[in-house]
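Start counting the sequence shown at 79; every next residue gets the next number (the numbering used here).
All residues carry an ideal CB built from backbone N, CA and C; glycine is no exception.
The structure presented is a predicted model; accordingly, all values stated were derived computationally and were not measured.
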Amino acid sequence: MTESAAARAVSLIAAALVFAVTIFYPRLIAADSAHVPYPWLVTLLLGMSFAWVHGFHFVPQNRLLRILFSPIAAWPLLALGAWGVFLR
79 MTESAAARAV
89 SLIAAALVFA
99 VTIFYPRLIA
109 ADSAHVPYPW
119 LVTLLLGMSF
129 AWVHGFHFVP
139 QNRLLRILFS
149 PIAAWPLLAL
159 GAWGVFLR
């Protein structure tokens, strides 16, 4: 497994974990819809989306999109969103 394949695997696993928690156990995020930390959840879901794109090895031609759909953007968004949703 090359370094880029390992990074893609990490992105896929992280995105799958966020997806699974969000879909199968949403009460881990909030007890009810009135207490959802929306800004943090949006950050987490953006990171998840970027991680999916990176994990499936889509490489856009546009430079800005190439940066967004890379671990450079996806992983910090995932970490910041996870901190805001689960640890704050």
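| query | result |
| --- | --- |
| Quick one: any contact between the segment 116 to 135 and the segment 148 to 166, if contact means 3 or more CB pairs under 8 Å? | yes |
| Helix, strand or coil for S148? Go by DSSP, reduced to three states. | coil |
| Which residues bound the alpha helix (DSSP H) around F128? | Y116 to G133 |
| Less than 8 Å between the CB atoms is what I'm expecting for F128 and L146, so what's the real figure, rounded? | 6 Å |
| Can you find the residues in the same chain that come closer than 6 Å, C-beta to C-beta, to A85, ignoring five residues on each side of it along the sequence? | P149 |
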